[in-house]
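For reference, the structure is listed below as structure tokens.
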Ligand SMILES: [Zn+2]
């Protein structure tokens, strides 16, 4: 079915525009509301159309101390807010409406902090459930090694049903992480737990992965669990050198997340996007910076990386390279809205299964 794009040229001219030197005119309003598609933010469920321009992979705070010592929290929320608030206000002024916070449990996830920042800025912020494997499993709690995939899934489903850390704040997606080669036993268990959780909650699985090899192994696990790969975000796909794998993953239906955007790699990102456009797979791509973040282990949270390169530099570069407004809106609005919409994506039985 042909899906008409709500952002016609006329829409751009009619709606309120955000204009500054060298910047794309970014409309403030969302595409027409579709009640079937909703996303869960730290302030509650919203229609995915209201997400507007979205950064699908960023971090407010990350604590690298490790699972054993991350609690009680080692940060003062007022101090964090003082440092981070100007960066969030800056990106809101640049045209962003929604920020997906990818810091998982045991790595400094603080949903009360996220809610305070959402209320202070008017940004929608989305948080997650799930566990972060990889990094020699430093960020996994002891029970991640002893419990089954079903038991781990039970914990994540409970966060979806009851809220996180004694609050009513719910996750809007799953964030897991796997090791960067063939899936280890623990990584395999995490993606299996994610598959089970998806079937019960409809939450999308964003997996910190990197290379293509473990990305495709996870896609196979999902398919074997009857989960459609459309529920899977291949996080840090930019780290894979064989760019032909992007199209292969997109054909499977997975989301290809190019989420390390910086001023220094705009040309590289442009090349990737031009290739994906040529292959007609822009509709499976997500763009973000993986920026931030307040590090409680450093004085005053260390050096904070700002969130506006996409809006200030990348979009003008895309316009210059011939990307249409429709294509840009697809990348920064429609794709994230589709990727994070809550809903079970079950894989139909196919020949050869
Ligand atoms: Zn990240």
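In our numbering, the protein residues as written are 5 to 357.
Just so it is clear, CB atoms sit at the ideal spot from N, CA and C, and this is done for glycine as well.
These numbers were taken from a predicted model, which means no experiment stands behind them.
Closest residue to residue i among the options (Cα-Cα distance)
i: residue 291; options: 335, 159 and 255; result: 335
i: residue 261; options: 268, 197 and 280; result: 280
i: residue 305; options: 81, 55 and 257; result: 81
i: residue 327; options: 294, 275 and 308; result: 275
i: residue 286; options: 205, 340 and 268; result: 340
i: residue 284; options: 307, 57, 250 and 299; result: 250
i: residue 252; options: 313, 296, 46 and 216; result: 216
i: residue 41; options: 59, 207, 108 and 225; result: 207
i: residue 166; options: 133, 142 and 315; result: 133
i: residue 176; options: 74, 190, 200 and 104; result: 104
i: residue 229; options: 199, 269 and 272; result: 199
i: residue 238; options: 289, 271 and 265; result: 289
i: residue 267; options: 318, 347, 302 and 247; result: 318
Any chain B beta carbon closer than 8 Å to residue i
i: residue 295; result: Given the protein chain composition of this structure (a single chain), no chain B is represented.
Local conformation of residue i per DSSP, three classes
i: residue 160; result: helix
i: residue 309; result: strand
i: residue 68; result: coil
i: residue 271; result: helix
i: residue 292; result: coil
i: residue 63; result: coil
i: residue 342; result: helix
i: residue 30; result: Note on residue 30: pLDDT 44, under 50, position unreliable in the model; no value is reported.
i: residue 42; result: strand
i: residue 105; result: strand
i: residue 174; result: coil
i: residue 25; result: Low per-residue confidence applies at residue 25: pLDDT is 32, beneath 50, and the placement is therefore not dependable enough to give any value.
i: residue 298; result: strand
i: residue 35; result: Summary for residue 35: the model assigns pLDDT 46, below 50, so the residue's position carries little reliability; its value from the coordinates is reported in the next sentence. Three-state result, residue 35: coil.
i: residue 262; result: strand
i: residue 250; result: helix
i: residue 195; result: helix
i: residue 152; result: coil
i: residue 237; result: strand
i: residue 51; result: strand
i: residue 98; result: coil
i: residue 325; result: coil
i: residue 181; result: strand
i: residue 394; result: Missing from the structure shown is residue 394; the chain here goes from 5 to 357 and no further.
Through-space distance from residue j to residue i, alpha-carbon basis
i: residue 345; j: residue 77; result: 30 Å
i: residue 194; j: residue 157; result: 9 Å
i: residue 311; j: residue 106; result: 14 Å
i: residue 332; j: residue 322; result: 8 Å
i: residue 1; j: residue 196; result: Nothing about residue 1 can be reported from this structure: the residues present for the chain run from 5 to 357 only.
i: residue 102; j: residue 259; result: 18 Å
i: residue 128; j: residue 55; result: 7 Å
i: residue 144; j: residue 70; result: 8 Å
i: residue 120; j: residue 89; result: 10 Å
i: residue 187; j: residue 337; result: 32 Å
i: residue 169; j: residue 125; result: 23 Å
i: residue 350; j: residue 161; result: 17 Å
i: residue 35; j: residue 51; result: Per-residue confidence for residue 35 stands at a pLDDT of 46, beneath the threshold of 50, marking its modelled position as unreliable; no derived number is given.
i: residue 234; j: residue 324; result: 31 Å
i: residue 300; j: residue 282; result: 43 Å
i: residue 202; j: residue 209; result: 7 Å
i: residue 83; j: residue 353; result: 52 Å
i: residue 61; j: residue 146; result: 27 Å
i: residue 298; j: residue 307; result: 8 Å
i: residue 278; j: residue 73; result: 44 Å
i: residue 164; j: residue 226; result: 20 Å
i: residue 28; j: residue 320; result: Annotation note: pLDDT 44 at residue 28 (below 50); position unreliable, no value reported.
Any non-hydrogen atom of ligand 1 closer than 7 Å to residue i Cβ
i: residue 358; result: Residue 358 lies beyond the residue range present for the chain, which begins at 5 and ends at 357; the question has no answer from this structure.
i: residue 63; result: yes
i: residue 294; result: yes
i: residue 100; result: no
If we count Cβ pairs, one from each stretch, closer than 8 Å, do we get three or more for the segment 57–69 versus the segment 113–133? With a cut-off of 8 Å, the segment 113–133 and the segment 57–69 count as touching, because enough Cβ pairs lie within range.
Does the count of Cβ pairs from the segment 131–146 and the segment 176–189 closer than 8 Å reach three? The segment 131–146 and the segment 176–189 touch, with no fewer than 3 CB-CB distances between them shorter than 8 Å.
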